[in-house]
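In structure tokens, the structure reads:
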């Protein structure tokens with residue numbers, strides 16, 4: 002119902018088993034003919050094959066994608082899809098976010114040099 006009533010469907014969610022391919026062929030087909038799909042969430046929430054087909058067939062108006070399944074590779078059908086903007090995963094590229102990321106590196110380096118556990122251990 003949301004897809005059919007919206008000019009823009011913008012995805013902002015984590016990639017989980019519940020959200021995997023949440024925008025599948027059926028959800029995309031339910032969108033308004035002129036509707037746009039925006040994904041700045043995670044690549045796995047969109048069935049890119051179904052999206053590329055819908056874009057090439059004119060089922061929806063267009064798409065804006067900042068994330069992709071299997072990054073850094075991009076589904077080749079999306080590269081030639083009409084009315085599509087593809088960005089290189091820039092959603093977090095705000096000054097505030099990048100400064101915070103840099104500060105985490107500094108905090109980890111200081112802790113390591115002092116022999117303490119890393120405060121922000123990845124993985």
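Numbering (this note's numbering), first residue to last: 2 to 124.
By construction, the Cβ of each residue, glycine as well, lies at the ideal position given by its N, Cα and C atoms.
Inter-residue distance for residue 84 and residue 116 is about 53 Å (C-alpha atoms, whole angstroms).
Short of 8 Å from the beta carbon of residue 75, and not among the five residues preceding or following it, lie these beta carbons of its own chain, in chain order: 69, 87. One Cα belongs to residue 41, the other to residue 11, and the distance between them is close to 8 Å.
Under the three-state reduction of DSSP output, residue 29 falls in the helix class. Counting only runs of 3 or more residues that sit fully inside the segment 3-77, the beta strand (DSSP E) segments are 9-12, 37-40, 63-66, in chain order.
Sixteen is the threshold: when 16 or more other Cβ atoms of the shown chains lie within 10 Å of the Cβ of residue 36, as they do, the residue is buried. Note on residue 108: under 16 other CB atoms within 10 angstroms of its CB, so exposed under the neighbour-count rule. From the listed residues 20, 18, 51, 43, the smallest Cα separation to residue 27 is found for 51.
Distance from the CA of residue 99 to the CA of residue 30, rounded to the nearest whole angstrom, comes to 37 Å. In the three-state DSSP reduction, residue 85 falls in the strand class (E or B). Per DSSP, the continuous alpha helix (DSSP H) segment holding residue 105 begins and ends at 96-114.
Counting only the Cα atoms, residue 47 lies some 6 Å from residue 25.
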